[in-house]
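Numbering (the working numbering), first residue to last: 5 to 129.
Pasting the structure below:
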């Protein structure tokens, strides 16, 4: 009896996960509000910088010119300098074991650090 129900339950489960073709609704205000808590939590530890901007300006991050900075010690002043040189709107320092959001943001600069706050990688996203 149970073997006869397995295909029915499987079909019901898969149909619940099926794409209905309806567009996902996302408003710009929900995107900014979801990223705001991440930025504010990083700001309290001094590892994130977000300048006050009045809306998106369409700038994107370009980390290619910053690769010569790898191997240097990261400080908040260095973070701000690299952020402005990359053209990004926000920047954050990512330390080993730190919990971070994984969404891609083309206006954010990421400084990947080792345990001694030395930059091991500089990426956008």
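Where a beta carbon is used, it is the ideal one built from N, C-alpha and C, also for glycine.
For residue i and residue j, what's the separation of their Cα atoms in angstroms?
i           : j           : result
residue 119 : residue 66  : 25 Å
residue 106 : residue 93  : 17 Å
residue 7   : residue 68  : 58 Å
residue 88  : residue 72  : 16 Å
residue 110 : residue 79  : 22 Å
residue 13  : residue 5   : 13 Å
residue 97  : residue 129 : 12 Å
residue 81  : residue 101 : 23 Å
residue 15  : residue 124 : 48 Å
Helix, strand or coil for residue i? Go by DSSP, reduced to three states.
i           : result
residue 81  : helix
residue 117 : strand
Just to check my reading of the structure: residue i and residue j have Cβ atoms closer than 8 Å, yes? What is that Cβ distance to the nearest angstrom?
i           : j           : result
residue 95  : residue 86  : 7 Å
residue 76  : residue 122 : 7 Å
residue 74  : residue 126 : 6 Å
residue 90  : residue 70  : 6 Å
residue 117 : residue 99  : 5 Å
Can you name the start and end residues of the beta strand (DSSP E) that residue i belongs to?
i           : result
residue 95  : 94 to 98
residue 126 : 123 to 128
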